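Quick note: the sequence shown uses the working numbering, first residue 9, plus one each step.
For each residue, glycine too, the CB sits at the ideal point set by N, CA and C.
All of these numbers come straight from a predicted model, not from anything done at the bench.
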Amino acid sequence: MSKPIDLLVTVSHRLVLITGIGTAHGLKLARSWAVEGHRVVGADVTDLDLPVRSGGSMSKALVAFYRIPKAHYPSRLLDVIHREKVDLWIPCSPKVSSIEDAMARQVVEGRTSCRCITLDTELAACFAHPDSFRQYVTKRGLPVLEYHKVQTRDSVHKILHRSPSKAYQISRATPTAKEKAMSLPRRTLSKTYTMVSEIQISKDRPWILQQQSRLGELFADLLVVCGHVQAIQIRLSDSDLSTRRDWRPEEALATSVHRLMQTLAAKGGVHLTGHLSVRLLVDEEFEPYSVRHAIYIAGCTSGARVVENLPYDVPCPIAGYTIINPFSTNFCPRRHFSRCFLAVFVVSPCTHDP
């Protein structure tokens, strides 16, 4: 298990390494650090060790630049961190997977005082696969999108009867290109029974019954440090955004998403640090005298690609990173952390909990 990242209230200037400086988000992040007075080293991960530099590598925000061949990623990364005496490493390179970054973190934190904004190997492997992530969320008692592999018609009816207010889609476990998922339940009970009776289902030919959303799909892009959400941006999926460009979340919905994401982060404990993009489905739950929003966790992406979606033209995300103290041994995540709430470019002031 990797060691937790220590926290500090007062922020001194750091030397920050950003890999993936050739990306737009990597360069934007570097400039944000430089504006705050920190020294920034940039690096690009390359497939071949060729003397070619990206545009970002020549930015005035950098004090140094390195090319790191992917074939020697952990060892060359460690060399740069030793040479430059790096305090904090933020991976932003799309050429490296979250698991590869996690393995590099294990090497770096095992041999230096540098801290890394990426998941450890255990969590990276867990979050990389839908089934293991679903089990992780379920085990921690969080609302997860229902996903069932059903082998009998009776099991389909039991699930529908257990959750009569929920909507589902059912499809073959290995559907053909022309087959479409069918919605359940139907408008009447007799129509539901008729549809289910026509499904050719067995142990050898299972079907997938998956919960569906009535109100749409959201993504929560997160910066998590030591089990605390330091920055969050809530956005629509790309398909919904094309038709709803002026969309902004209702305050109640945004608050509910933020609360759920903080719970997810806290359940990961002090070892959960990195960038996450959590897929959420929003549904309606009908109660005797009211209807309320219900938010379900449907999936997760971790690693460098998530950085692209966080806005770095505001000070809050940088403040979230800078609570990390690579030298302190006094670890107290409950007393000292910066909290920033960013919801579709609606930014509230940074605050410190007492």
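Next item on the list: Just mark arginine 195 as buried or exposed, buried being the case when its beta carbon has 16 or more other beta carbons within 10 Å.
Entry: exposed
Next item on the list: State the Cα-Cα distance for the pair serine 274 and lysine 186, rounded to the nearest angstrom.
Entry: In the sequence on display, residue 274 carries alanine and not serine. If I take the Cα positions, the gap works out to 43 Å.
Notebook entry, point to check: For leucine 284, which residues of its own chain have a beta-carbon under 7 Å away from its beta-carbon, when the five flanking residues on both sides are left out?
Noted result: Leu230, Val232, Cys308, Ser310 and Val314
Checklist line | Per-residue DSSP class, three states only, for tyrosine 326 | finding: According to the sequence displayed, residue 326 carries isoleucine and not tyrosine. Helix, per DSSP.
Notebook entry, point to check: What residues in its chain sit with their C-beta under 6 Å from that of glycine 235, if we drop five residues either side in the sequence?
Noted result: Ala273, Ala274, Gly276, Gly277, Val278 and Leu280
Next item on the list: State yes or no: is the C-beta of alanine 312 within less than 7 Å of the C-beta of leucine 153?
Entry: No, the Cβ-Cβ distance between alanine 312 and leucine 153 is not below 7 Å.
Notebook entry, point to check: What's the call for histidine 33, buried or exposed, on a 16-neighbour Cβ count within 10 Å?
Noted result: By the neighbour-count criterion, in which a residue is buried when 16 or more other Cβ atoms sit within 10 angstroms of its Cβ, histidine 33 is buried.
Next item on the list: Please check the pair isoleucine 98 and valine 49, which I expect to be a contact at CB under 8 Å, by giving their CB distance rounded to whole angstroms.
Entry: Not a contact, Cβ separation roughly 11 Å.
Check: Where alanine 136 and alanine 69 are concerned, what is the direct C-alpha to C-alpha distance, given to the nearest angstrom?
Finding: The alpha-carbon atoms of alanine 136 and alanine 69 are separated by roughly 33 Å.
Check: To the nearest angstrom, how far is it from the Cα of glycine 328 to the Cα of lysine 199?
Finding: 53 Å
Checklist line | Strand pairing of tryptophan 97, partner residues [DSSP] | finding: Per DSSP, Leu25 and Cys124.
Note to self: Comparing C-alpha positions only, which one of Arg123, Asp109 and Ser121 sits nearest to glutamate 130?
What the structure shows: Asp109
Notebook entry, point to check: CA-CA distance, aspartate 95 and valine 60?
Noted result: 27 Å
Item checked: Rounded C-alpha distance that separates proline 165 from isoleucine 326 -> It should be pointed out that residue 165 corresponds to histidine in this sequence rather than to proline. When rounded, the distance between both Cα atoms is 50 Å.
Check: Which parts of the stretch 44-101 are runs of the beta strand (DSSP E), unbroken and 3 residues or longer, counting only runs that do not cross its ends?
Finding: For the stretch 44-101, whole beta strand (DSSP E) runs of length 3 or above, ordered along the chain, are 47-54, 70-77 and 96-99.
Check: Is proline 193 buried or exposed, if buried means 16 or more other CB atoms sit within 10 Å of its CB?
Finding: buried
Margin query: Which runs of the alpha helix (DSSP H) at least 4 residues long sit entirely within the stretch 154-198? Give them in chain order.
Written below: 161-170
Check: Using the rule of at least 16 other Cβ atoms within 10 Å of the residue's Cβ for burial, across every protein chain shown, is leucine 223 buried or exposed?
Finding: exposed
Check: Candidates Ser245, Thr263, Glu259 and Asn317: which alpha carbon is nearest leucine 289's?
Finding: Ser245
Margin query: With the cut-off set at 7 Å, would you say alanine 239 and proline 214 are in Cβ contact?
Written below: no
Check: Should methionine 6 go down as buried or exposed, given a rule of 16 or more other Cβ atoms within 10 Å for buried?
Finding: In this structure the chain extends from 9 to 362, so residue 6 is not present and cannot be described.
Check: In chain order, what residues of the same chain have a beta carbon less than 7 Å from the beta carbon of lysine 93, not counting five sequence neighbours either side?
Finding: Leu23
Next item on the list: In angstroms with no decimal places, state the Cα-to-Cα distance between serine 171 and tyrosine 297.
Entry: 18 Å
Checklist line | Buried versus exposed, by CB contacts within 10 Å (16 or more), threonine 263 | finding: exposed
Next item on the list: Could you pull out every residue in the same chain whose Cβ sits closer than 8 Å to the Cβ of isoleucine 89, ignoring the five residues on either side in sequence?
Entry: Leu25, Trp97, Val116, Thr120 and Cys122
Notebook entry, point to check: Could you give the distance in angstroms between the alpha-carbon of glycine 28 and the alpha-carbon of isoleucine 107?
Noted result: 16 Å
Next item on the list: Could you tell me the distance, in whole angstroms, from the CA atom of methionine 203 to the CA atom of lysine 36?
Entry: 53 Å
Margin query: For isoleucine 190 and glutamine 177, which I take to be in contact (beta-carbon distance under 8 Å), what is that distance rounded to the nearest angstrom?
Written below: Per the sequence shown, residue 190 should be read as methionine rather than isoleucine. Rounded, the Cβ-Cβ distance is 7 Å, consistent with contact.
Note to self: Once DSSP output is grouped into helix, strand and coil, what is the label at glutamate 225?
What the structure shows: strand
Note to self: What would DSSP say about arginine 213, mapped onto helix, strand or coil?
What the structure shows: coil
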